[in-house]
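Student: Using the working numbering, the first residue of the sequence shown is number 271, and each one after it goes up by one.
Don't be surprised by glycine CBs; every beta carbon is placed ideally from N, CA and C.
Sharing a structure here in structure tokens format.
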Amino acid sequence: MSKFEYVKLADAIAADITNGTLRPGDRLPPQRNFAYDRGIAVSTASRVYTELLRRGLVVGEVGRGTFISWRRQA
271 MSKFEYVKLA DAIAADITNG TLRPGDRLPP QRNFAYDRGI AVSTASRVYT ELLRRGLVVG
331 EVGRGTFISW RRQA
């Protein structure tokens, strides 16, 4: 996977949020499942989730998972 492939995956999820496919409060799959489903390394999945967190698109809750943020997106 190229150096910036994780950004492309984060962009795809961001697009799903923008178009309403993913809605505030929706839970993303665990990182291992996300990686397995897409045939990528868990470390790459971690980078995708970290990028989404950096953009403010998701929030993580220890022991519960990663959820689409309720904060209004610009």
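By the DSSP assignment, the alpha helix (DSSP H) with THR288 in it spans what residues?
Tutor: Where THR288 is concerned, the enclosing alpha helix (DSSP H) stretches over 275-288.
Student: Under three-state DSSP, which class holds ARG297?
Tutor: In the structure shown, ARG297 sits in a strand (DSSP, three-state: E or B).
Student: Can LEU323 and SER339 be called in contact, C-beta distance under 7 Å?
Tutor: No, Cβ-Cβ distance for LEU323 and SER339 is not below 7 Å.
Student: What distance in whole Å lies between the Cβ atoms of ARG325 and ALA284, which are believed to be in contact at a cut-off of 8 Å?
Tutor: With 8 Å as the limit, ALA284 and ARG325 qualify as a contact, their Cβ atoms being about 7 Å apart.
Student: In the DSSP assignment, the alpha helix (DSSP H) including THR336 goes from what residue to what residue?
Tutor: It is not in any alpha helix (DSSP H) - THR336 instead sits in the beta strand (DSSP E) that spans 335-338.
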